[in-house]
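Engineer:
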């Protein structure tokens with residue numbers, strides 16, 4: 179079983195518009211699929227730096243002197259690139275979300291189909307786990323997270339059910355959590371609602387939206403003129419941040435103008451609308467269904 183089948187591989191590589199002597203960053207290295215494709219277009223003077231906070235990904239490192247893999251969260255992009263002598267880059271690729279490998283390993287807690295430890299940490303060096311979160315957050319906080327990050331219509335009922343279940347016994351595993359909210363999963367939409375619940379917990383545990391914002395702001399500073407940002411997201415919260423940032427340079431989507439009324443934007447859109455997977459890819463890789471790819475240039 180492959181570690182992770184890269185989504186929209188050709189579209190991502192085309193989007194980067196790779197120069198053979200350029201310096202590129204893959205901030206979500208994972209199985210290395212996108213990185214291998216980038217490397218194949220680099221000449222002897224090209225350079226690629228990969229980031230991944232998940233220790234499991236380190237086993238996939240590419241054996242090539244032009245490649246460096248950094249075991250860190252991409253929110254520290256600028257300082258770790260500087261540590262490795264990189265001050266400017268020609269392109270950055272981010273494939274957000276969870277890798278197939280993470281979904282397939284039960285004890286990571288990412289899958290709603292497999293019973294395992296309720297963990298959900300991308301980086302196992304950090305302390306907060308989903309188990310700790312669901313057993314300690316107060317009801318109001320849970321409602322807020324499920325509404326905000328899971329976009330769950332019945333966030334209040336779900337949070338109440340979690341609090342009731344944990345009062346009887348600690349929620350330890352993914353199936354314990356499923357059991358706790360079982361009667362609040364609408365008929366025929368059980369998997370969808372569970373996915374929204376797990377998404378909410380995962381985003382909070384890993385601070386995903388804050389990390390994404392920090393990375394995008396740093397990426398713009400690091401890019402050379404003409405350099406590209408290629409970002410693929412899998413849910414509306416991430417996509418909205420990327421869309422707003424690419425269009426306006428901020429996350430609220432407020433267009434700021436100079437004294438003469440000209441928009442102040444650090445990036446220009448390479449594609450107006452997000453690119454989505456082809457019919458052929460959708461048939462081969464179910465995970466590409468929700469992917470939206472956006473490309474911008476400095």
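Numbering (my numbering), first residue to last: 179 to 476. Every residue, glycine too, gets a C-beta built ideally from N, C-alpha and C.
Nearest to residue 185 by CA position, among 465, 474, 472 and 475, is which residue?
Structural biologist: Nearest of 465, 474, 472 and 475 to residue 185, Cα basis: 465.
Engineer: Could you give the distance in angstroms between the alpha-carbon of residue 245 and the alpha-carbon of residue 331?
Structural biologist: In a straight line, the C-alpha of residue 245 is about 45 Å away from that of residue 331.
Engineer: Contact between the segment 419 to 430 and the segment 377 to 386: three or more CB pairs below 8 Å?
Structural biologist: Because the criterion of three Cβ pairs below 8 Å is not met, the segment 419 to 430 and the segment 377 to 386 do not touch.
Engineer: Can you find the residues in the same chain that come closer than 8 Å, C-beta to C-beta, to residue 427, ignoring five residues on each side of it along the sequence?
Structural biologist: Contacts found: 398, 434, 442, 443, 444 and 445.
Engineer: I need the boundaries of the beta strand (DSSP E) containing residue 402, first residue and last residue.
Structural biologist: Element bounds for residue 402: 401 to 411.
Engineer: Applying the criterion that 16 or more other CB atoms from any shown protein chain within 10 Å of the CB defines a buried residue, is residue 348 buried or exposed?
Structural biologist: Exposed, by the Cβ-count rule.
Engineer: Run through the DSSP bridge pairs and tell me what residue 246 is partnered with.
Structural biologist: Answer is 227.
Engineer: Alpha carbon to alpha carbon, how far is residue 300 from residue 231? Give it in angstroms, no decimals.
Structural biologist: The straight-line gap from Cα to Cα measures roughly 6 Å.
Engineer: Given 8 Å as the limit, is there contact between the segment 232 to 243 and the segment 183 to 202, that is, 3 or more CB pairs closer than that?
Structural biologist: Touching, no, given that fewer than three Cβ pairs across the two stretches are closer than 8 Å.
Engineer: Is the CB-CB distance between residue 163 and residue 413 below 8 Å?
Structural biologist: Not covered by the structure: residue 163. The range shown for the chain is 179 to 476.
Engineer: For a quick check, are the C-beta atoms of residue 383 and residue 306 less than 8 Å apart?
Structural biologist: The answer is yes: Cβ separation under 8 Å.
Engineer: Is DSSP giving residue 354 helix, strand or coil here?
Structural biologist: Looking at residue 354 - three-state DSSP - the assignment turns out to be helix.
Engineer: Using the C-alpha atoms, what's the distance from residue 253 back to residue 270?
Structural biologist: One C-alpha to the other measures close to 13 Å.
Engineer: Taking Cβ positions, are residue 267 and residue 401 nearer each other than 8 Å?
Structural biologist: It is a contact, given that the beta carbons lie within the stated cut-off.
Engineer: Do residue 337 and residue 321 have their C-beta atoms closer together than 8 Å?
Structural biologist: Yes, Cβ-Cβ distance for residue 337 and residue 321 is below 8 Å.
Engineer: Who are the Cβ neighbours of residue 212 in its own chain at under 7 Å, not counting the five residues just before and after it?
Structural biologist: Cβ within range, chain order: 184, 187, 190, 204, 271 and 273.
Engineer: Can you check whether the CB of residue 255 is closer than 8 Å to the CB of residue 391?
Structural biologist: No. Outside cutoff.
Engineer: Roughly how many angstroms lie between the CA atoms of residue 207 and residue 217, to the nearest whole one?
Structural biologist: If you take the alpha carbons of residue 207 and residue 217, they lie about 12 Å apart.
Engineer: Of all the options 452, 219 and 439, which has the alpha carbon lying nearest to the alpha carbon of residue 409?
Structural biologist: It is 452 whose Cα lies nearest to the Cα of residue 409.
Engineer: Around the C-beta of residue 257, are 16 or more other C-beta atoms found within 10 angstroms, so that it is buried, or is it exposed?
Structural biologist: By the 10 Å Cβ count, residue 257 comes out exposed.
Engineer: Can you pull the DSSP bridge partners for residue 471?
Structural biologist: Bridge partners of residue 471: 410 and 453.
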